[in-house]
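Residue 203 in UniProt numbering sits at position 203 of the sequence shown; the count goes up by one each step and never skips.
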Amino acid sequence: LHTSSVSYLEAVHYDRESLHHQHRTKRSTEELVHLQFEAFSRKWSVKLKRDASIFHNNIIIENSKGPVTYDFESAYTGKIEVDHTLFFRYNNVTDDVIANINNHVMAVNSIFNAVDFDSDTSPDSIGFSIKRIKIHDDPSASEYKYSGNHGVNSMLFLHSEENHDQFCLSYIFTHRDFDNGILGLAWTAERGTSGGLCSRYTLYTDGRLSLNTGIVTDINYGNDVTTAVSYVTFAHEIGHNFGSLHDESSNPTCAPGGSSGNYIMFAQATAGTKSNNVLFSSCSILSMAPMVESRGRDTANGCFVEYASATCGNKVVESGEDCDCGWDDDCTDPCCYPTLSATGPDSAKACQYRPAATCR
1 LHTSSVSYLE
11 AVHYDRESLH
21 HQHRTKRSTE
31 ELVHLQFEAF
41 SRKWSVKLKR
51 DASIFHNNII
61 IENSKGPVTY
71 DFESAYTGKI
81 EVDHTLFFRY
91 NNVTDDVIAN
101 INNHVMAVNS
111 IFNAVDFDSD
121 TSPDSIGFSI
131 KRIKIHDDPS
141 ASEYKYSGNH
151 GVNSMLFLHS
161 EENHDQFCLS
171 YIFTHRDFDN
181 GILGLAWTAE
191 RGTSGGLCSR
201 YTLYTDGRLS
211 LNTGIVTDIN
221 YGNDVTTAVS
231 YVTFAHEIGH
241 NFGSLHDESS
251 NPTCAPGGSS
261 GNYIMFAQAT
271 AGTKSNNVLF
281 SSCSILSMAP
291 MVESRGRDTA
301 NGCFVEYASA
311 TCGNKVVESG
321 EDCDCGWDDD
331 CTDPCCYPTL
341 SATGPDSAKA
351 CQYRPAATCR
């Protein structure tokens, strides 16, 4: 991601176990982490502070066997799935997969936070916090449906077959080399039609689908794409979810090219290194603004929410909850109402005790 604060960037290779042994901190702490290391023939001392804007408080992370433990705490009413190809791409290391997701969401947040959708001359500070992560680490699992070869349309359709009503958006990240150099695909929000931001699980001619979905891959014509390209791809697909079409190449205002480059919604992928590459054009913002108001901020049907300190479904009993047995597909407590993947009559009862006398 382009920044004026970094003049040189190079990967630092380190011993993971040694780092964790010397610099592990508890999830509840707000204190700075003091990181000391040697690199480039000198000693370094870095102070790190937890970013509280990316992950929803006590986010749920799962692999093919169920919930897994990961040490962090924070705020995207969104879901991200990772298929087995991306899990294998990161050498089966869950921490690295989650770090990759974290970096993508941070990059997208830095872009969306700065956009003025309501034209009041100040940024709207719209961001995303991930509520649920599902890492498919076993392609032979009986319920796994992404094994085998799938094109980008097939992958998006398979992901859309699930009910994602609990999330503003749901994405699947993969490491598949799609035809014609396609890096991502998403349903576009349009006035008067289904699809895109906050869309609900609905019956169509092809069956019930959630069209608040998208897909991103990090490989193109046999080569891994740079992180800058991947971040912009993620922002580009979310731009479609928010209602933006591609910037027309014939419009010099919204597709200027030149030394500053084209904007995020340009049809062809950009390198992500020029100033305009990480900005939405005025054309895109004009298209997205009505969707932000009608689908996101609408008090009756919008899916935008304030950051919540308690998260029903994370299997941690927090303020305002009687119990918390997780989601309906993994709850084993007969005395507790689970969080439902699909909105239903018991949705409001989630994380409350069931009335049966034997449960008291």
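Here a beta-carbon is modelled for each residue, glycine too, at the ideal position from N, C-alpha and C. Remember, predicted model here, so these are calculated numbers, not experimental data.
Item	Value
Buried or exposed (CB count within 10 angstroms, at least 16 for buried), Gln268	exposed
Cα-Cα separation, Val115 to Pro355	47 Å
Proximity to Met288 [Cα-Cα], best of Asn241, Leu156, Phe128	Asn241
Supposed close pair Gly214, Gly184 - CB separation, criterion 8 Å	7 Å
Whether Asp322 touches Thr339 by CB criterion (9 Å)	no
Reference Gln166, options Cys351, Pro345, Tyr353, Ser341, closest by Cα	Ser341
Segment contact, 8 Å Cβ cut-off, at least three pairs: the region 78-92 with the region 125-135	yes
Alpha helix (DSSP H) segment containing Phe112, residue limits	94-112
Under 9 Å between C-beta atoms of Ile238 and Ala186	yes
Outcome for Ala271 when other beta-carbon atoms lying within 10 angstroms are tallied against a minimum of 16	exposed
8 Å CB neighbourhood of Pro211 in its chain, flanking five on each side removed	Inspection of the sequence shows that residue 211 is occupied by Leu rather than by Pro. Cβ within range, chain order: Ser160, Trp187, Ser194, Gly195, Gly196, Ser199, Thr202.
Span of the alpha helix (DSSP H) around Val229	227-241
Residue interval of the alpha helix (DSSP H) (run including Phe173)	It is not in any alpha helix (DSSP H) - Phe173 instead sits in the beta strand (DSSP E) that spans 169-174.
Alpha-carbon spacing of Leu279 relative to Ala228, whole angstroms	13 Å
Rounded straight-line distance, which links the Cα of Lys315 to that of Lys349	15 Å
Rounded separation between Ala75 and Asp324 - CA only	With a pLDDT of only 31 at Ala75, under 50, the local geometry of the prediction cannot be trusted, and the value read off the model is given with reservation. In a straight line, the C-alpha of Ala75 is about 19 Å away from that of Asp324.
CB contact flag (Phe157, Leu209, <9 Å)	yes
Per-residue DSSP class, three states only, for Cys336	strand
Cβ separation of Tyr231 and His150, assumed to be a contact under 8 Å, to the nearest whole Å	Actually they are not in contact, since the Cβ atoms of Tyr231 and His150 sit about 24 Å apart, beyond 8 Å.
Thr273 - partner residues in DSSP beta bridges	Paired residues: none, contrary to the question.
Close-in-space but distant-in-sequence residues of the same chain around Val97 (CB under 8 Å, 5 per side omitted)	Val82, Leu86, Phe87, Tyr90, Ile135
Boundaries of the alpha helix (DSSP H) in which Leu197 is found, first to last residue	Premise fails: Leu197 is in no alpha helix (DSSP H) and is neither H nor E.
Beta-bridge pairing of Gly78 - partner residues as DSSP gives them	Ile130, Leu169
Val292 in three-state terms, based on DSSP	helix
Arg89: first and last residue of the uninterrupted beta strand (DSSP E) it sits in	Unbroken run through Arg89 is the alpha helix (DSSP H), 84-89; no beta strand (DSSP E).
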